[in-house]
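2 protein chains.
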Amino acid sequence: MNGESPSPCKMTDVLITDIGQLVTNDESRGGLLGIMDGAAIAIDSGDIRWVGPEDDVPHEYRSYDTLRADGGVVLPGFVDAHTHAVFAGDRSHEFAMRLEGATYEQIQVAGGGIYSTVRATREASLDELVDESLPRIARMLASGTTTIEVKTGYGLDIATEVKMLDAIDRIRDVLAVDTIPTFLGGHVVAPEFLDDRGSYVDLVGGAMMDAVAGRVAYVDVFCDDAAFTVGETRLIAHAAQARSLDVRLHVDQLSHTGGAALAAELGAVAADHLDHSTDEDLVALAEVGTVAVLLPGVSYTMREPAPDGRRVWDAGVTVAIATDCNPGTSYIETMPFIISMAAVNCGLTPDESVWAATRGGALALGLHDRGVVAPGKVADLVVLDAPTHEHLTYRPDGDLVALVIKRGNVLS
Amino acid sequence: MNGESPSPCKMTDVLITDIGQLVTNDESRGGLLGIMDGAAIAIDSGDIRWVGPEDDVPHEYRSYDTLRADGGVVLPGFVDAHTHAVFAGDRSHEFAMRLEGATYEQIQVAGGGIYSTVRATREASLDELVDESLPRIARMLASGTTTIEVKTGYGLDIATEVKMLDAIDRIRDVLAVDTIPTFLGGHVVAPEFLDDRGSYVDLVGGAMMDAVAGRVAYVDVFCDDAAFTVGETRLIAHAAQARSLDVRLHVDQLSHTGGAALAAELGAVAADHLDHSTDEDLVALAEVGTVAVLLPGVSYTMREPAPDGRRVWDAGVTVAIATDCNPGTSYIETMPFIISMAAVNCGLTPDESVWAATRGGALALGLHDRGVVAPGKVADLVVLDAPTHEHLTYRPDGDLVALVIKRGNVLS
């Protein structure tokens, strides 16, 4: 049920056996997914120590506690590289209004839109913000997401942006999940600055960034028609880079504004959305090595055409997929649903969808220690109650995740 | 987790309190959904006895065991009026092949397609068929579906069609869920009769129907290009009506063959799919009172445009929505996901989607004793961990069902 926190069951040394199909994402084992049949995995102190045929388990791992996968699939834990999962307030009615044909203006007048989340998040105490957000992140973890990027950006003032980081830290500690915090002061212009955008850009790239710089892994900017121009985005990104912070950007979601090209220019770690990016943009991203993070849940929710994952993949860009969990345009928590949509709606193959949700997600966060099942990697794993990973795409509401293993601990 | 059977916790007399929002589907209470705030429900011997403001609970119900809804939504249990949830075999790889561009012919050559399910279902023992199918129906029940239509149609010979009915009965008894069995010998022409369709139609409308007639609620025929012509469908339907069996039909899914018009001509209880039906067809269905059962999961899975629920509703046709759970074109088990797609993809409002999944589903099965929260109705209810029913459409992978109540028993 929603809202329950999985409790970690501490296991130090574990040998996983009876694996029906192991997705390693280790290309040296063949194919994109490096699939092994009849494999076993030895885990020790939260890391993977050994991967190989179950018949060949070395002597030193045979005394480990055994965890049987019951013939199911084992794959790397999902990495959700784009979420806004910490927020306060309820926007379900705004969603219903939009389905019934309400315009953007009517929704604003009714008190909806992103500023309603900003208002609710500002008004919430830290405890309230944690209470509202923790069940979402607990659900993500329970559904197999073992690393979760979480953005600020519903504060748009220093105190609330810092409060959001406090909430992210608190939730990380309670759930023992890896959260990767991203500063998104550049989400939209704060309501107080609508007549003075330049001052808000200065604040984001100045005092606000100083207040969070030691606590975040990334700086993100929503570069699009309704948010920041390419020029404004460049200013904020340069402020980040001057502080040795890596950049990731929301680009080309609503229209082609040149955001993807800017991401390439900046050498951003990731460029997200890309719905309206051109073939030239994709070539530029591929050349720089910026990871494309595709967000099919937004297209579903907003009744827009899904991002063309096939085109992005074929352009040679590294592809990740993510939930974009947020209260306005994608109240979606689980990566299996995103994996299904990436295949069904975005044109990726089932193999590519699974890769993009694991290895792709890790690369989009610059993490090379996970997303692969190999010795030395973090023991973040998912066990499916299904005979093949193709069931993730085949059964969009399948609830196939039987076990989640986070740094060697089996969650239940 | 998938595959666990909910166990009923026997409660005879129950008073449900602390309901945040009650969806009654009782038009006398106002609006399509007859929503009440601050209501309570008294249940006795599996039936609803009283519904009213919590402050006004009559004395005789105050001693009942209290079940608190914790401020969540209470609504009628979902009624899934179109499923093929009993089958054997695995077709995930066929799905993956199709995503990767395989043609119908390539899938057939690879051993896929509906005949592969027929082969697996024929080969399975009754125990095996139950073992494979029960987890699906358990999952449906756990996700709030309290009445489930289940079709035969993967036997296409007398022995296997009867075995499918045996499996449906066994699962009904184990899970204490209401299954409504439908005879679908007219699913496709049995492989042995591909060169002699007429004899197969005679068999379905003759000896095969005689073998099942006492055990089924409905006779269904797949009237479409890949299955049975309007003429063949009419023969089978007349054979059903001659045995006093009501008819429901698969119509106009793949193309406009006149199936919807035939459903109206026959006075069918339901006409399902309707993707290619004309406005004239819809007028005819509305006049006769045939319920339209829309199946957005098929469109999702097959990457086809979703059925235009808005057009069907506005034509005055009674609308139900259902999973069409089957291994080929919609491996979907949960009504909340269907409710989301009905609103997002089919143009129904959130209110209409919820109504179509409850009251609409009941009417599509000719059941007037459920789908409404009112005295005298069956106490099939769902409690959501959400403040409004709009969350069902707002959060497509939300897992919002906190409690399922089947005939007054709280499942857990």
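Protein chains in written order, with this note's numbering: chain A, 232 to 643; chain B, 232 to 643. Beta carbons are placed, not taken as given, at the ideal position from N, Cα and C, and that holds for glycine.
Coil, strand or helix - residue i by DSSP
i	result
residue 295 of chain A	coil
residue 473 of chain A	helix
residue 329 of chain B	helix
residue 247 of chain A	strand
residue 573 of chain A	helix
residue 414 of chain A	strand
residue 345 of chain B	helix
residue 399 of chain B	helix
residue 507 of chain A	coil
residue 450 of chain B	strand
residue 271 of chain B	strand
residue 481 of chain B	strand
residue 638 of chain A	coil
residue 564 of chain B	coil
residue 608 of chain B	coil
residue 646 of chain A	Only positions 232 to 643 of chain A appear in the structure, and residue 646 of chain A is not among them; the question remains open.
residue 614 of chain A	strand
residue 632 of chain B	strand
residue 461 of chain B	helix
residue 319 of chain A	coil
Where the alpha helix (DSSP H) containing residue i begins and where it ends
i	result
residue 370 of chain B	357–373
residue 314 of chain A	Per DSSP, residue 314 of chain A belongs to no alpha helix (DSSP H) and is neither H nor E.
residue 592 of chain B	590–595
residue 494 of chain B	490–497
residue 624 of chain A	622–625
residue 528 of chain A	527–533
residue 434 of chain A	428–434
residue 336 of chain A	335–340
residue 443 of chain A	440–443
Rounded separation between residue i and residue j - CA only
i	j	result
residue 530 of chain A	residue 629 of chain B	17 Å
residue 553 of chain A	residue 566 of chain A	7 Å
residue 435 of chain B	residue 355 of chain B	22 Å
residue 562 of chain A	residue 616 of chain B	15 Å
residue 407 of chain A	residue 401 of chain A	10 Å
residue 320 of chain B	residue 276 of chain A	40 Å
residue 301 of chain A	residue 636 of chain A	15 Å
residue 602 of chain B	residue 309 of chain B	8 Å
residue 622 of chain A	residue 303 of chain A	11 Å
residue 246 of chain A	residue 328 of chain A	52 Å
residue 394 of chain B	residue 357 of chain B	6 Å
residue 632 of chain B	residue 316 of chain A	21 Å
residue 292 of chain B	residue 273 of chain B	6 Å
residue 333 of chain B	residue 325 of chain B	9 Å
residue 234 of chain A	residue 642 of chain B	At residue 234 of chain A, the pLDDT of 40 sits below 50, so the modelled position is not reliable; the number obtained from the coordinates is stated separately. Residue 234 of chain A and residue 642 of chain B: Cα-Cα distance of roughly 18 Å.
residue 480 of chain A	residue 532 of chain B	32 Å
residue 409 of chain A	residue 377 of chain A	7 Å
residue 585 of chain A	residue 418 of chain A	29 Å
residue 596 of chain B	residue 574 of chain B	22 Å
residue 638 of chain B	residue 527 of chain A	39 Å
residue 236 of chain B	residue 469 of chain A	With a pLDDT of 48 at residue 236 of chain B, under the threshold of 50, the predicted position of this residue should be treated as unreliable, and no value is reported.
residue 613 of chain A	residue 421 of chain B	41 Å
residue 424 of chain A	residue 430 of chain A	7 Å
residue 649 of chain B	residue 348 of chain A	Since the first and last residues shown for chain B are 232 and 643, residue 649 of chain B lies out of range.
Endpoints, the beta strand (DSSP E) within which residue i is located
i	result
residue 601 of chain A	That residue, residue 601 of chain A, is in no beta strand (DSSP E); it is neither H nor E in DSSP.
residue 540 of chain A	Unbroken run through residue 540 of chain A is the alpha helix (DSSP H), 540–545; no beta strand (DSSP E).
residue 377 of chain A	376–382
residue 278 of chain B	278–284
residue 551 of chain B	550–552
residue 307 of chain A	304–307
Any non-hydrogen atom of the ligand GTP within 8 Å of residue i CB
i	result
residue 413 of chain A	As presented, the structure is devoid of all ligands, the ligand GTP included, so that no description of it is given.
Query - Cβ pair count under 8 Å reaching 3, the region 471–490 of chain B against the region 450–457 of chain B - result: The region 471–490 of chain B vs the region 450–457 of chain B: in contact.
When Cβ atoms are compared, which residues of the region 317–330 of chain A fall closer than 7 Å to chain B? Cβ contacts with chain B: 321, 323, 324, 326, 327 and 330.
**Study point:** Where the region 555–571 of chain A meets chain B: residues whose CB sits under 7 Å from a CB there
**Key:** 562, 563, 564, 565 and 568
Point to revise | the region 496–503 of chain A contacting the region 533–544 of chain A, beta-carbon criterion three pairs below 8 Å | key: no
Quick one: which residues of the region 579–606 of chain B get their C-beta closer than 7 Å to a C-beta of chain A? List them in chain order. 580 and 581
So, do the region 378–391 of chain A and the region 421–441 of chain A have three or more beta carbon pairs nearer to each other than 8 Å? yes
inquiry  = Tell me which residues of the region 419–430 of chain B have at least one Cβ-Cβ distance to chain A shorter than 9 Å, keeping chain order.
reply    = none
Tell me which residues of the region 619–630 of chain B have at least one Cβ-Cβ distance to chain A shorter than 8 Å, keeping chain order. Along the region 619–630 of chain B, the positions whose C-beta sits under 8 Å from a C-beta of chain A are 619, 621, 622, 624, 625, 626, 627, 628, 629 and 630, read in chain order.
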